[in-house]
Amino acid sequence: MAGLLALLAVLILSGSVIGSAAGLGGAHPQQMGAGAVQTRELAGLEIQYAPHWGEGDWRLGPVTLTGGADRGFPAGDEISMSVHAPGRTCEASTVTEGAVQSVTLTEDMSAPGCAITRMAPRDVTTVAISVTGTDGITRTSTIGNLSGSLAAFSGALLDTGRVMHGRADTEIVGQQNQITQVHLRLPGTPVSEVAGASIAVVLPGTGQTRGTVSTAADAPVRVQSDPGGGSLITLVTDQAWAIEGEVEVQALLATTQHLSGPDAPGALSTTSWTVTAEPVAPPPAKVDHALEPVSLTPGLEYHHTWTGGYSNVLNYCHDFTVTNVSEVTVPDWTVQFDSSLAPLWGANPQVPGTITYNNIETRAYDEHTGLWTLGAIHDWHRVLQPGATQRFGYCAERVPTPEPDPSLFEVSPVRVGGGDWHVTFTIEVTSTSEFYVPWSVEVDFADLVCPASLADKPLTLYENVSATPVEGSTTRYLIEGVPGDTQLVSRYASRVFTFAHYGPAPGWQLPCPEGE
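Per numbering that gives the first Met the number 0, residue 0 is the first one in the sequence shown, and the count goes up by one each step.
As structure tokens, then:
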């Protein structure tokens, strides 16, 4: 059968079996010689290709043949396919073990060294199909015995008459440009012609994705009518396609090929186009506080001074300058801060009353990252000539109080003073932080005086601290400063104060008397 199929392909090419690039032909006995040759055309045969990208070009991939509704492929059918390109003819065949409607020809079904799955669609000029076994038709001709049914298509597999334009949507994710969607516009091609077709898109050297075109609006590969006429296919990529510079995108649309009827175009359409990655801003700089910018318009320098802010409150005002140190005019500029850091401590600048501005405005704010972008509000402040310096500022009026961070402050051991009838407790809190930070410490008075002396002599805790009893203990307290008084410390403001007293009797000092 392989020899017959190869011969059939040659006959097609020589005109003995008629087909055309625009249409499909069957075996026409009147053109096959002087014998009483009668072969039967395969009515309703369909071919579905699943091309893939390999070795720098599209390859046919597995080929699925579907028999006509009135026949299919009964058990014992031998199905053979011959694909011809200039100077090369490859074949594949299989035998059905049971009645099936479709069969798929894969690489392992091909003749050794000549797999149809590896052939490039753009090179193919002829496809021929032969089915033998159950029809029981054997005819004799001058070219030998012909059995079964034949179908053929003489012409390119690529449909050069179908116009297809591609473009890709990109977005910057992290520090990478990524392709998120691919769009294929087919002017003059109705939705009904591409619905159910398969599509493959590839970034050579990166990856490829494929899917089936659906009319469902939420499908990963969906088609709709193009307002400009024809069809518009959208494919949502199922993987992160990162791109740099210019990259070429390859796309292929495979519709079902019908080997029957007077007119049928090629089954495959391809297109390619170039996608250029957008410039990616450098990653935000690692900074220690929210007064140091994480990013600044190129060509500018930023300067600021910090004098400790307001006294004993988290609110503060901040002034800074930007200078154009480049040799070109900067038409607009921005500076970005990390508002999650001190001394903003996560303040949301978009909440009314949080920030007051001096000749600047919020350009953007990301609630997830805390990145806050500022720029000049007036045209005459936006433009910076070479060497020009402008001064700007803002005041943070509603700074939230952060949770105490033990790494930002130090509490010295509590000092105990006084006599037998009046004992005081003094605490000292220091910090190396440039900015005000809250503090807290857990104090167990039983570690400072004899526990027995506390039994019937209650402690008096002053209003300059907030003291919360620790659950399960009568002598342990969580001690915190009071807002507006002792709550905050910094390198510029330490706290030393007495926060409690009680009136014991003799025997309160450590070590405790024997028996206590």
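The beta-carbon is built from N, C-alpha and C at its ideal position, and this holds for glycine as well.
All values reported here derive from a predicted model rather than from experimental measurement.
Tyr48 to Ala253 span [Cα, whole Å]
6 Å
On the three-state DSSP scale, how would you describe Asp76?
coil
Would you say Val448 reaches chain B, if we count a Cβ-Cβ gap shorter than 8 Å as a contact?
No chain B appears in the structure shown, which is made up of a single protein chain.
Let me know if Ala239 comes out buried or exposed under the rule of 16 or more other beta-carbons within 10 Å of its beta-carbon.
exposed
Flag this pair as touching only if the segment 404-419 and the segment 464-474 have three or more C-beta atom pairs under 8 Å; answer yes or no.
no
Can you give me the start and stop residues for the beta strand (DSSP E) that Glu277 sits inside?
That residue, Glu277, is in no beta strand (DSSP E); it is neither H nor E in DSSP.
In or out: Ser191 buried (at least 16 other Cβ within 10 Å) or exposed?
exposed
DSSP three-state label for Glu170, please.
strand
So Arg397 is in the alpha helix (DSSP H); what residue range does that whole segment cover?
Arg397 -> no alpha helix (DSSP H), and no H or E assigned at all.
Between Tyr309 and Glu291, what straight-line distance do the alpha-carbon atoms span, to the nearest angstrom?
19 Å
Would you report the Cα separation of Leu7 and Leu183, rounded to the nearest angstrom?
Annotation note: pLDDT 48 at Leu7 (below 50); position unreliable, coordinate value reported separately. Approximately 37 Å between the Cα atoms of the pair.
Under 8 Å: do the segment 475-485 and the segment 433-441 share three or more Cβ pairs, one atom per stretch?
yes
Taking Pro73 and Ala98 to be in contact with their CB atoms under 8 Å, please state how far apart those CB atoms are, rounded to whole angstroms.
5 Å
Just list the residues that DSSP pairs Trp52 with in beta bridges.
Trp57
So Trp379 is in the alpha helix (DSSP H); what residue range does that whole segment cover?
Asp378 to Arg381
Beta-carbon proximity list for Val102, same chain, < 8 Å, skipping 5 on both sides:
Thr63, Leu64, Phe72, Ile78, Thr93 and Thr95
For Ala284, which of Ala42, Val334, Thr275 and Asn323 has the nearest alpha-carbon?
Val334
Whole-number beta carbon distance between Val200 and Ala250, since they are thought to touch under 8 Å
5 Å
What ranges does the beta strand (DSSP E) occupy inside the segment 485-510, keeping only unbroken runs of at least 3 residues that lie completely in it?
494-501
Which residue wins for smallest C-alpha separation from Ile426, given the options Glu360, Leu447 and Gln207?
Leu447
Return the residue from the list Ser294, Ser465 and Val398 that minimises the CA-CA distance to Trp516.
Here the chain comprises residues numbered 0 to 515, so residue 516 is not present and cannot be evaluated.
Cutting at 8 Å between CB atoms, please list the residues of its own chain near Thr355, excluding the five before and the five after it.
Tyr393, Cys394 and Glu396
Can you tell me which residues form a DSSP beta bridge with Ser92?
Ser79
Are there 16 or more other CB atoms within 10 angstroms of the CB of Ile518, so buried, or fewer, so exposed?
This structure does not reach residue 518, given that the chain is present from 0 up to 515, and the question cannot be answered.
From His303 to Glu402, what does the alpha carbon distance come to, in whole angstroms?
27 Å
Could you check where the beta strand (DSSP E) with Glu571 kicks off and where it finishes?
What the structure shows of the chain is the stretch from 0 to 515, and residue 571 is not part of that stretch, so it cannot be assessed.
Contact check, Leu59 vs Pro120 under 8 Å by CB: the rounded distance?
6 Å
Please list, in chain order, all residues of the same chain as Leu460 whose beta carbon is under 7 Å from its beta carbon, the five residues on each side excluded.
Ala466, Phe498 and Ala499
List the residues that DSSP assigns as beta-bridge partners of Ile128.
Met80 and Ala150
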